[in-house]
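Top line first, the protein sequences correspond to chains A and B.
In this text, residue positions in the first sequence follow this note's numbering: the first is 1, and each later residue adds one.
In this text, residue positions in the second sequence follow this note's numbering: the first is 1001, and each later residue adds one.
For reference, the structure discussed in these notes is given below.
2 protein chains.
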Amino acid sequence: MARNPERRVLLADAGLRVLAAAGARGLTHRAVDAEAGVPTGTASNYFPSRAALLAGLAERIFDRMAPDPAILADLGRREPSLALLTDYLRYVVERTTREPDLTRALFELRLEASRRPELRQALGDVLRKGYADDVAFHVAAGLPGGAFEVALLHYAVDGFLLDRLTTSVDAGFDVEQVVSALVSRLVGAATG
Amino acid sequence: MARNPERRVLLADAGLRVLAAAGARGLTHRAVDAEAGVPTGTASNYFPSRAALLAGLAERIFDRMAPDPAILADLGRREPSLALLTDYLRYVVERTTREPDLTRALFELRLEASRRPELRQALGDVLRKGYADDVAFHVAAGLPGGAFEVALLHYAVDGFLLDRLTTSVDAGFDVEQVVSALVSRLVGAATG
DNA sequence: GGATAACCACGACGGCCGTCGTGGTTGATG
DNA sequence: CATCAACCACGACGGCCGTCGTGGTTATCC
């Protein structure tokens, strides 16, 4: 009898909600059980240690953050341009802010990973792969800019999301304004 | 006998080290006592609750992050230019990466504040004031760009620091490259 | 120099934590 | 239908947590 994968996903999703709502401090096996509406001990059975729980959440987070292939395909049919790159980035921001819990949980995991070697390894691998894929996609799609521009966009968007989803500086500029300025300046200015 | 301010600072600094090294989860009164090398219960006497402890750390963090007035004065004597703005930003990055504990602790506090109303209020006030001061300083110094450009720089630098100080994407570009590109593109491109 | 008030070290209490063991239950197999 | 292994609900244990109370101690003021 294989471990019930649906139950695992149910628990991981509950764990991500807990992590976003209560932080690393509030993330406990019992809290996950309560959030998932399952008997006490269930999370402990599926993720036998705290490290296993964190690893499980890290794995799940990227599954849920994956872009919709249909939307990607639609975008892929257009001619490469700054406007197209802006739409890609807009889609990234939309996905991450539509489910703020997920993004907040990822921030928590990144902080936690900087202290737990095994999680750092796992999360680092995924993040690096994500960046490498972004660069490969960017180049393959013929979009303006290269690895450096992709990195700069990553930094800026992460910082923007951090501001939007946690304690904010509240500068008063909207998403549209920020995203299009970032693309046109960080990429457009360098590539003409 | 007024509360001993030196002891308070000693404890707050120890608390910031604990927060950076062990995260919000490891930040306990007893851990602060141990880190500061004082008898158990001391932190609990100075910061009677966990909320008070967090507020104390938030207060202390900005004291320690304050720029050196002498360096600021030196920079203030130069003619406003993109190069000068680059030097300002370089100084920000240098201050924050020289003491990674402080910056990591601030990330933790920002996350924690997004869940604790009283801390959100306090930290939000300080962050907003910091941003407003930056803008005012920027304008008064005659530097190129305005509030929007300052905000964009804030986002990008925060994201860059998050990458450098936590689980990193490891894109392989160095500080110098990133900082000057951010200034020249985010500000220079917009102001000619 | 004695009174007084603040400071501070220390211990205690109830509560929640991660982890592990155990026995009931379920579903597939022959 | 009997068997058996995997799953899963539940309880227990030692440990650490935040918080509060309680005396000992110290510095100041009359």
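Every residue gets a Cβ at the ideal spot worked out from N, C-alpha and C, and that includes glycine.
In the DSSP annotation of this structure, the continuous segment of the alpha helix (DSSP H) that includes R8 of chain A starts and ends at 5-26.
In the three-state reduction of the DSSP assignment, D134 of chain A falls in the helix class, which pools H, G and I. Within the same chain, E1149, L1152, L1153, A1156 come within 7 Å of L1186 of chain B by CB-CB distance, once the 5 residues on both sides are set aside. By the neighbour-count criterion, in which a residue is buried when 16 or more other Cβ atoms sit within 10 angstroms of its Cβ, R110 of chain A is buried. For a cut-off of 8 Å, the C-beta gap from P67 of chain A to R104 of chain A is around 19 Å, too long to register as a contact. Taking 7 Å as the cut-off, the Cβ atoms of P1100 of chain B and G1142 of chain B do not count as close. R185 of chain A belongs to the set of residues whose beta carbon lies under 7 Å from a beta carbon in chain B.
Within 10 angstroms of the beta-carbon of S114 of chain A lie 16 or more other beta-carbons, which makes it buried. Look at the beta carbons and you see the region 1026-1041 of chain B not touching the region 122-132 of chain A: under three pairs across the two are nearer than 8 Å. Put simply, the backbone Cα of D125 of chain A is about 36 Å away from that of D1063 of chain B.
The three-state reading of DSSP puts T1096 of chain B in helix, counting H, G and I together. In this structure, the beta-carbon distance from L162 of chain A to D1134 of chain B does not fall below 7 Å.
The beta carbon of L1089 of chain B is closer than 8 Å to those of L1153, V1157, V1179, L1182, V1183 in its chain, skipping five residues each way along the sequence. With a threshold of 7 Å between beta carbons, A1043 of chain B makes no contact with chain A. Following the DSSP letters along the chain, one finds G1056 of chain B inside the alpha helix (DSSP H) bounded by residues 1050-1065.
Secondary structure at F47 of chain A: coil, using DSSP grouped into helix, strand and coil. Here G56 of chain A has A12, F47 as same chain residues with Cβ atoms under 6 Å from its own Cβ, once five neighbours each way along the sequence are excluded. Counting along the chain, the unbroken alpha helix (DSSP H) around E1035 of chain B starts and ends at 1029-1036. Against T1166 of chain B, the close residues of chain A are R110, L111, A113, S114, in the order they occur along the chain (beta-carbon pairs closer than 8 Å). F1173 of chain B carries a coil assignment under DSSP once its states are collapsed to helix, strand and coil.
With its beta carbon less than 7 Å from one in chain B, R120 of chain A belongs to the interface. Between L16 of chain A and L27 of chain A, the C-beta spacing is not below 7 Å. F47 of chain A is outside the set of residues whose beta carbon lies under 7 Å from a beta carbon in chain B. Rounded to whole angstroms, A189 of chain A and V175 of chain A show a C-alpha spacing of 20 Å. Rounded to the nearest whole angstrom, the C-alpha separation of R77 of chain A and A21 of chain A is 39 Å. Neighbours of A1034 of chain B in chain A, taken as residues whose beta carbon is under 9 Å from its own, are absent, since the nearest beta carbon is some 17 Å off. In chain order, S168, V169, D170, A171 make up the part of chain A whose C-beta sits under 9 Å from the C-beta of R1128 of chain B. With 16 or more other CB atoms across the displayed protein chains lying within 10 angstroms of its CB, L1123 of chain B is buried. In the structure shown, S81 of chain A adopts coil according to DSSP, grouped into three states.
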